[in-house]
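*Asks:* Under the UniProt record's numbering, read the sequence shown as residues 1 to 116, first letter to last. All residues carry an ideal CB built from backbone N, CA and C; glycine is no exception. Sharing a structure below in structure tokens format, with a few things to ask.
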Amino acid sequence: LLIVGLTIALALTSSLAYESRAADQKQPFEPTMEDVSHLSCEEVWIGVSEKDDAFFQVVELLAHHILTRREVKFPGTPEAGKAFGDALVKNCLADPEELLYSAVNRSLRDTLPAKE
């Protein structure tokens, strides 16, 4: 359900393409922070040729980086995953040109319990 929601919502954003290693199907897609931290929601979505798994690899990379820096763990529940996905869709649709890093960061802040 989360994948379908993200697919539909982000596929509606208009086009701005960038050259990506993901476009070359002979080479596995292994994003690095250097590759993706400066890209918008829209650029990443279009750049990975609208392939869910590649988009989610980028989101997971960014989320892992943010969570590691904060020294927190993401709750391993379906509810938390859905809440994060819903927040990310909302944030990316609200401003497709926003850095995906920022959208992921905001979505994590909206999803994670407040630190005490």
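For LEU67, which of helix, strand or coil comes out of DSSP?
*Replies:* Numbered from its first residue, the sequence shown carries residue 67 at position 67. Here LEU67 sits in helix by DSSP.
*Asks:* Using 9 Å as the threshold, is the C-beta distance between ALA54 and PHE29 below it?
*Replies:* Residue 54 sits at position 54 when you count from the first residue of the sequence shown. Residue 29 sits at position 29 when you count from the first residue of the sequence shown. Going by C-beta atoms, ALA54 is nearer than 9 Å to PHE29.
*Asks:* What is the DSSP secondary structure of SER37, reduced to helix, strand or coil?
*Replies:* Mapped onto the sequence shown, residue 37 falls at position 37. Three-state DSSP puts SER37 in coil, outside helix and strand.
*Asks:* Keeping to the same chain, check which residues put their C-beta closer than 7 Å to that of ASP95; ignore five residues upstream and five downstream.
*Replies:* Locating residue 95 in the sequence shown gives position 95, counting from the first residue. If we look at ASP95 and ignore the five residues flanking it on each side, it has no Cβ neighbours.
*Asks:* Kindly indicate which three-state DSSP category LEU88 falls into: helix, strand or coil?
*Replies:* Numbered from 1 along the sequence shown, position 88 holds the residue referred to as residue 88. Three-state DSSP puts LEU88 in a helix.
*Asks:* Candidates GLU79, ARG69 and CYS41: which alpha carbon is nearest LYS90's?
*Replies:* Here residue 90 is taken as the residue at index 90 of the sequence shown, counted from 1. Closest by alpha carbon: CYS41.
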